[in-house]
Amino acid sequence: MADTNRYQQEVTKRIDAAIGYMLHNLGSNLSLTTLSRVANYSPFHFHKLFKEAIGVSPKQYMINLRLETALHQMIIHPNKSIKEISIECGYSSPAIFTRAISNYFGLSPLIIRELSSKERMTLYIQKRHGPQPIFTSHFSAAEKPLIVETKTISPLQGIHLIVPANDPAQIQYMFCRLLQIARSHDLYDAQSRMLGIVRPHQTNAYKVFISIDLQKKIPSSLEQTKIKPGKYATFLIKGDPLDRISAAHQFLQQWLPASGYKICDAPSFESFSEDPTVIPYTEPDRRFYVPIEPRN
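Numbering (the numbering used here), first residue to last: 424 to 719.
Right, here's the structure in full:
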(Lines of atoms letter the chains of each structure in order from A; the text may use other names.)
(Lines give C-alpha, C1' and ligand atoms only; values in the text may rest on other atoms or scores of the structure.)
Protein backbone atom coordinates (compact mmCIF):
# COMPACT_ATOMS: atom_id res chain seq x y z
CA MET A 424 0.00 0.00 0.00
CA ALA A 425 2.80 2.43 0.91
CA ASP A 426 4.58 1.71 -2.39
CA THR A 427 1.33 2.29 -4.30
CA ASN A 428 0.78 5.65 -2.55
CA ARG A 429 4.34 6.74 -3.29
CA TYR A 430 3.89 5.77 -6.94
CA GLN A 431 0.63 7.75 -7.24
CA GLN A 432 2.23 10.77 -5.56
CA GLU A 433 5.11 10.60 -8.03
CA VAL A 434 2.73 10.36 -11.00
CA THR A 435 0.73 13.34 -9.69
CA LYS A 436 3.91 15.37 -9.21
CA ARG A 437 5.07 14.69 -12.77
CA ILE A 438 1.67 15.38 -14.34
CA ASP A 439 1.50 18.63 -12.33
CA ALA A 440 4.91 19.60 -13.72
CA ALA A 441 3.69 19.03 -17.28
CA ILE A 442 0.50 21.05 -16.70
CA GLY A 443 2.54 23.85 -15.15
CA TYR A 444 4.76 23.86 -18.24
CA MET A 445 1.69 24.08 -20.49
CA LEU A 446 0.30 27.00 -18.49
CA HIS A 447 3.59 28.89 -18.79
CA ASN A 448 4.01 28.20 -22.51
CA LEU A 449 0.59 28.68 -24.10
CA GLY A 450 2.15 30.51 -27.04
CA SER A 451 4.59 27.70 -27.87
CA ASN A 452 4.09 24.66 -30.07
CA LEU A 453 4.37 21.95 -27.42
CA SER A 454 4.85 18.44 -28.74
CA LEU A 455 4.07 15.25 -26.86
CA THR A 456 7.82 14.59 -26.77
CA THR A 457 8.49 17.95 -25.10
CA LEU A 458 5.81 17.43 -22.46
CA SER A 459 6.88 13.85 -21.77
CA ARG A 460 10.43 15.08 -21.15
CA VAL A 461 9.13 17.60 -18.62
CA ALA A 462 7.33 14.76 -16.83
CA ASN A 463 10.33 12.44 -17.28
CA TYR A 464 8.30 9.69 -18.98
CA SER A 465 8.38 8.16 -22.44
CA PRO A 466 5.83 9.80 -24.80
CA PHE A 467 3.65 6.66 -24.82
CA HIS A 468 3.68 6.26 -21.03
CA PHE A 469 3.10 9.99 -20.44
CA HIS A 470 0.10 10.07 -22.80
CA LYS A 471 -1.45 7.06 -21.05
CA LEU A 472 -0.90 8.38 -17.50
CA PHE A 473 -2.03 11.92 -18.39
CA LYS A 474 -5.32 10.72 -19.90
CA GLU A 475 -5.96 8.45 -16.90
CA ALA A 476 -5.32 11.32 -14.47
CA ILE A 477 -6.96 14.25 -16.31
CA GLY A 478 -9.59 12.56 -18.48
CA VAL A 479 -8.41 13.94 -21.84
CA SER A 480 -5.24 13.63 -23.89
CA PRO A 481 -2.40 16.16 -23.43
CA LYS A 482 -3.17 17.57 -26.89
CA GLN A 483 -6.87 18.10 -26.14
CA TYR A 484 -6.07 19.59 -22.74
CA MET A 485 -3.72 22.11 -24.38
CA ILE A 486 -6.31 22.98 -27.04
CA ASN A 487 -8.98 23.63 -24.40
CA LEU A 488 -6.53 25.61 -22.30
CA ARG A 489 -5.65 27.92 -25.20
CA LEU A 490 -9.27 28.48 -26.21
CA GLU A 491 -10.51 29.24 -22.70
CA THR A 492 -7.52 31.52 -22.09
CA ALA A 493 -8.27 33.35 -25.33
CA LEU A 494 -11.88 33.99 -24.28
CA HIS A 495 -10.66 35.10 -20.86
CA GLN A 496 -8.30 37.56 -22.57
CA MET A 497 -11.19 38.95 -24.59
CA ILE A 498 -13.11 39.47 -21.34
CA ILE A 499 -10.42 41.22 -19.30
CA HIS A 500 -8.60 42.98 -22.18
CA PRO A 501 -11.35 44.37 -24.44
CA ASN A 502 -8.90 46.74 -26.18
CA LYS A 503 -6.39 44.03 -27.12
CA SER A 504 -6.62 43.06 -30.79
CA ILE A 505 -7.76 39.64 -31.97
CA LYS A 506 -4.37 39.20 -33.65
CA GLU A 507 -2.49 39.89 -30.39
CA ILE A 508 -4.61 37.39 -28.48
CA SER A 509 -4.25 34.73 -31.17
CA ILE A 510 -0.44 35.03 -31.10
CA GLU A 511 -0.26 34.97 -27.29
CA CYS A 512 -2.38 31.82 -27.23
CA GLY A 513 -0.22 29.98 -29.75
CA TYR A 514 -2.15 30.30 -33.03
CA SER A 515 -0.21 30.75 -36.26
CA SER A 516 -2.77 33.08 -37.84
CA PRO A 517 -5.94 35.01 -36.93
CA ALA A 518 -7.88 32.87 -39.45
CA ILE A 519 -6.97 29.61 -37.68
CA PHE A 520 -7.73 31.27 -34.34
CA THR A 521 -11.15 32.47 -35.56
CA ARG A 522 -12.07 29.00 -36.80
CA ALA A 523 -11.00 27.36 -33.53
CA ILE A 524 -12.92 29.86 -31.38
CA SER A 525 -16.04 29.55 -33.55
CA ASN A 526 -15.99 25.75 -33.36
CA TYR A 527 -15.46 25.70 -29.59
CA PHE A 528 -17.75 28.51 -28.41
CA GLY A 529 -20.22 28.68 -31.31
CA LEU A 530 -19.39 32.36 -31.96
CA SER A 531 -16.59 34.09 -33.84
CA PRO A 532 -14.13 36.37 -31.99
CA LEU A 533 -15.64 39.43 -33.69
CA ILE A 534 -19.15 38.52 -32.53
CA ILE A 535 -17.85 37.80 -29.03
CA ARG A 536 -16.28 41.26 -29.04
CA GLU A 537 -19.68 42.78 -29.82
CA LEU A 538 -21.27 41.15 -26.76
CA SER A 539 -21.66 43.09 -23.54
CA SER A 540 -19.27 42.37 -20.68
CA LYS A 541 -22.00 40.35 -18.94
CA GLU A 542 -22.71 38.28 -22.05
CA ARG A 543 -19.01 37.52 -22.57
CA MET A 544 -18.66 36.47 -18.95
CA THR A 545 -21.75 34.27 -19.25
CA LEU A 546 -20.24 32.54 -22.29
CA TYR A 547 -17.10 31.83 -20.27
CA ILE A 548 -19.09 30.50 -17.30
CA GLN A 549 -21.33 28.31 -19.47
CA LYS A 550 -18.37 26.63 -21.16
CA ARG A 551 -16.79 25.79 -17.83
CA HIS A 552 -19.86 25.12 -15.68
CA GLY A 553 -22.77 24.43 -18.02
CA PRO A 554 -25.78 26.62 -18.96
CA GLN A 555 -26.67 29.39 -16.52
CA PRO A 556 -28.91 32.48 -16.62
CA ILE A 557 -27.17 35.47 -18.12
CA PHE A 558 -27.54 37.49 -14.91
CA THR A 559 -25.62 35.36 -12.43
CA SER A 560 -24.49 36.02 -8.89
CA HIS A 561 -21.06 36.83 -10.26
CA PHE A 562 -22.42 39.85 -12.08
CA SER A 563 -24.57 41.15 -9.22
CA ALA A 564 -21.56 40.87 -6.91
CA ALA A 565 -19.37 42.72 -9.37
CA GLU A 566 -21.93 45.53 -9.71
CA LYS A 567 -21.51 46.49 -6.05
CA PRO A 568 -19.15 49.46 -5.56
CA LEU A 569 -15.52 48.34 -5.63
CA ILE A 570 -13.56 50.15 -2.92
CA VAL A 571 -9.97 50.43 -4.15
CA GLU A 572 -7.00 51.56 -2.06
CA THR A 573 -3.30 51.88 -2.91
CA LYS A 574 -0.63 50.30 -0.72
CA THR A 575 3.13 49.93 -0.83
CA ILE A 576 4.32 46.32 -0.52
CA SER A 577 7.71 45.06 0.64
CA PRO A 578 9.48 42.33 -1.37
CA LEU A 579 8.57 38.70 -0.74
CA GLN A 580 10.22 35.45 -1.72
CA GLY A 581 8.69 32.02 -1.45
CA ILE A 582 7.83 28.68 -2.96
CA HIS A 583 4.87 27.78 -5.12
CA LEU A 584 2.88 25.05 -6.84
CA ILE A 585 0.74 25.62 -9.94
CA VAL A 586 -2.93 24.66 -10.11
CA PRO A 587 -5.71 25.39 -12.65
CA ALA A 588 -7.21 28.75 -11.69
CA ASN A 589 -10.84 27.65 -11.96
CA ASP A 590 -10.75 24.79 -9.43
CA PRO A 591 -11.34 25.90 -5.79
CA ALA A 592 -11.00 22.38 -4.40
CA GLN A 593 -7.65 21.89 -6.11
CA ILE A 594 -6.46 25.29 -4.87
CA GLN A 595 -7.15 24.26 -1.27
CA TYR A 596 -5.53 20.85 -1.81
CA MET A 597 -2.41 22.43 -3.30
CA PHE A 598 -2.09 24.84 -0.38
CA CYS A 599 -2.08 21.78 1.91
CA ARG A 600 0.60 20.11 -0.21
CA LEU A 601 2.73 23.25 -0.29
CA LEU A 602 2.47 23.68 3.47
CA GLN A 603 3.75 20.12 3.94
CA ILE A 604 6.68 20.86 1.62
CA ALA A 605 7.55 24.10 3.44
CA ARG A 606 7.45 22.43 6.85
CA SER A 607 9.47 19.41 5.74
CA HIS A 608 12.26 21.77 4.59
CA ASP A 609 12.06 23.89 7.78
CA LEU A 610 11.03 26.93 5.73
CA TYR A 611 7.67 27.71 7.34
CA ASP A 612 7.50 29.98 10.39
CA ALA A 613 5.07 32.31 12.16
CA GLN A 614 5.78 35.13 9.67
CA SER A 615 5.07 33.04 6.56
CA ARG A 616 2.08 34.13 4.46
CA MET A 617 -0.12 32.06 2.17
CA LEU A 618 -0.99 33.91 -1.03
CA GLY A 619 -2.48 33.13 -4.42
CA ILE A 620 -0.62 34.54 -7.43
CA VAL A 621 -2.04 35.18 -10.90
CA ARG A 622 -0.65 36.81 -14.05
CA PRO A 623 -2.85 38.51 -16.67
CA HIS A 624 -1.30 36.53 -19.57
CA GLN A 625 -1.50 33.21 -17.69
CA THR A 626 -5.17 33.36 -16.92
CA ASN A 627 -5.59 29.62 -16.40
CA ALA A 628 -2.63 29.35 -14.02
CA TYR A 629 -2.88 29.95 -10.28
CA LYS A 630 0.17 29.73 -8.03
CA VAL A 631 -0.39 28.76 -4.43
CA PHE A 632 2.45 30.54 -2.65
CA ILE A 633 4.01 30.48 0.81
CA SER A 634 6.41 33.29 1.69
CA ILE A 635 9.79 32.40 3.14
CA ASP A 636 12.03 34.60 5.30
CA LEU A 637 14.28 36.63 2.97
CA GLN A 638 17.31 35.51 4.98
CA LYS A 639 16.60 31.82 4.37
CA LYS A 640 18.03 29.96 1.39
CA ILE A 641 15.41 28.05 -0.58
CA PRO A 642 16.56 24.66 -1.96
CA SER A 643 16.98 24.69 -5.75
CA SER A 644 14.72 21.63 -6.01
CA LEU A 645 11.69 23.74 -5.03
CA GLU A 646 9.78 26.07 -7.37
CA GLN A 647 10.60 29.63 -6.31
CA THR A 648 8.78 32.92 -6.88
CA LYS A 649 9.41 36.53 -5.89
CA ILE A 650 6.81 39.26 -5.41
CA LYS A 651 8.26 42.61 -6.34
CA PRO A 652 8.11 45.58 -3.98
CA GLY A 653 6.20 48.69 -4.96
CA LYS A 654 2.75 50.21 -5.20
CA TYR A 655 -0.34 48.03 -5.55
CA ALA A 656 -4.03 48.78 -6.01
CA THR A 657 -5.98 46.57 -3.63
CA PHE A 658 -9.62 45.65 -3.07
CA LEU A 659 -11.67 43.02 -1.23
CA ILE A 660 -13.33 40.11 -3.01
CA LYS A 661 -15.18 36.97 -1.94
CA GLY A 662 -16.48 33.89 -3.71
CA ASP A 663 -15.19 31.55 -6.40
CA PRO A 664 -12.61 32.22 -9.16
CA LEU A 665 -15.31 33.71 -11.39
CA ASP A 666 -16.04 36.32 -8.72
CA ARG A 667 -12.33 37.18 -8.78
CA ILE A 668 -12.49 37.57 -12.56
CA SER A 669 -15.60 39.76 -12.29
CA ALA A 670 -14.01 42.01 -9.66
CA ALA A 671 -10.82 42.32 -11.71
CA HIS A 672 -12.90 43.21 -14.76
CA GLN A 673 -14.73 45.89 -12.77
CA PHE A 674 -11.37 47.24 -11.56
CA LEU A 675 -10.04 47.43 -15.14
CA GLN A 676 -13.20 49.05 -16.52
CA GLN A 677 -14.13 51.46 -13.74
CA TRP A 678 -11.25 52.37 -11.42
CA LEU A 679 -8.11 52.11 -13.53
CA PRO A 680 -8.96 54.46 -16.46
CA ALA A 681 -9.49 57.50 -14.20
CA SER A 682 -6.80 56.64 -11.64
CA GLY A 683 -3.70 57.97 -13.39
CA TYR A 684 -2.07 54.54 -13.07
CA LYS A 685 -1.36 51.63 -15.38
CA ILE A 686 -0.76 47.98 -14.51
CA CYS A 687 2.88 46.87 -14.24
CA ASP A 688 4.18 43.76 -15.94
CA ALA A 689 4.28 41.80 -12.70
CA PRO A 690 2.07 39.23 -10.96
CA SER A 691 -1.06 40.15 -9.05
CA PHE A 692 -1.83 38.25 -5.87
CA GLU A 693 -4.48 37.70 -3.23
CA SER A 694 -4.27 37.21 0.54
CA PHE A 695 -6.76 35.35 2.72
CA SER A 696 -8.60 36.41 5.87
CA GLU A 697 -8.51 32.78 7.07
CA ASP A 698 -6.22 29.78 6.60
CA PRO A 699 -6.77 28.48 3.01
CA THR A 700 -5.64 24.98 4.01
CA VAL A 701 -8.57 24.76 6.45
CA ILE A 702 -11.31 27.02 5.04
CA PRO A 703 -12.57 26.35 1.47
CA TYR A 704 -11.31 28.87 -1.09
CA THR A 705 -14.73 30.38 -1.75
CA GLU A 706 -15.55 31.25 1.88
CA PRO A 707 -13.01 33.71 3.34
CA ASP A 708 -12.65 37.35 2.37
CA ARG A 709 -9.68 37.81 0.05
CA ARG A 710 -7.72 40.98 -0.59
CA PHE A 711 -6.55 41.26 -4.19
CA TYR A 712 -3.38 43.22 -5.08
CA VAL A 713 -2.65 44.58 -8.57
CA PRO A 714 0.83 46.08 -9.29
CA ILE A 715 0.56 49.64 -10.62
CA GLU A 716 2.77 52.53 -11.70
CA PRO A 717 2.11 56.11 -12.88
CA ARG A 718 0.71 56.21 -16.41
CA ASN A 719 3.01 59.05 -17.50
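Here a beta-carbon is modelled for each residue, glycine too, at the ideal position from N, C-alpha and C.
Where do the N-terminal and C-terminal ends of the alpha helix (DSSP H) with THR648 fall, by residue?
Working through the sequence shown from its first residue, we reach residue 648 at position 225. It is not in any alpha helix (DSSP H) - THR648 instead sits in the beta strand (DSSP E) that spans 647-650.
Can you tell me the Cα-Cα spacing of VAL586 and GLN593, whole angstroms?
For this step, residue 586 is matched to residue 163 along the sequence shown. For this step, residue 593 is matched to residue 170 along the sequence shown. One C-alpha to the other measures close to 7 Å.
Suppose you measure from the CA of MET617 to the CA of ILE576; what does that come to, to the nearest Å?
Here residue 617 corresponds to residue number 194 of the sequence shown, with the count starting at 1. Here residue 576 corresponds to residue number 153 of the sequence shown, with the count starting at 1. For the pair MET617 and ILE576, the Cα-to-Cα distance works out to about 15 Å.
Under 8 Å between the Cβ atoms of LEU637 and GLN673?
Sequence index remark: in the sequence shown, residue 637 carries index 214 (1-based). Sequence index remark: in the sequence shown, residue 673 carries index 250 (1-based). No; because the gap between Cβ atoms is not below 8 Å, this pair is not in contact.
Coil, strand or helix - GLY683 by DSSP:
One-based indexing of the sequence shown puts residue 683 at position 260. Coil, per DSSP.
Using the Cα positions of PRO578 and LEU601, report the straight-line distance between them to the nearest angstrom.
Residue 578 sits at position 155 when you count from the first residue of the sequence shown. Residue 601 sits at position 178 when you count from the first residue of the sequence shown. Spanning the alpha carbons of PRO578 and LEU601 requires a straight line of approximately 20 Å.
Figure out for me which residue from SER509, ARG536, TYR527 and GLU511 has the closest Cα to the Cα of PRO501.
What you label residue 501 is simply residue 78 of the sequence shown in a count that begins at 1. Looking at the Cα atoms, ARG536 is the closest of the given residues.
Could you give the residue range of the alpha helix (DSSP H) that holds LEU665?
Within the sequence shown, numbered from 1, the residue matching residue 665 stands at position 242. It spans 664-673 - the alpha helix (DSSP H) in which LEU665 sits, taken as one unbroken run.
Can you tell me which of the three DSSP states SER525 falls into?
Here residue 525 corresponds to residue number 102 of the sequence shown, with the count starting at 1. Helix at SER525.
Residue of ASN487, THR456, GLY529 and LEU455 minimising C-alpha distance to TYR514:
As a working note, residue 514 is residue 91 in the sequence shown. Taking the Cα of TYR514 as reference, the smallest distance to any Cα among ASN487, THR456, GLY529 and LEU455 is reached at ASN487.
For ALA737, tell me which candidate among GLN432, ARG489 and TYR611 has the shortest Cα-Cα distance.
The question about residue 737 has no answer here: the residues shown for the chain are numbered 424 through 719.
Which listed residue (PRO703, PRO591, LEU446 and GLN677) has its alpha carbon closest to that of ILE570
Within the sequence shown, the letter at position 147 stands for residue 570. When only C-alpha atoms are compared, the closest one is GLN677.
Give the straight-line distance between the Cα atoms of TYR629 and PRO717, rounded to the nearest whole angstrom.
Walking along the sequence shown from the start, residue 629 turns up at place 206. Walking along the sequence shown from the start, residue 717 turns up at place 294. Between TYR629 and PRO717, the C-alpha separation is close to 27 Å.
Taking DSSP as the reference, what is the three-state secondary structure of LEU490?
Numbered from 1 along the sequence shown, position 67 holds the residue referred to as residue 490. In the structure shown, LEU490 sits in a helix (DSSP, three-state: H, G or I).
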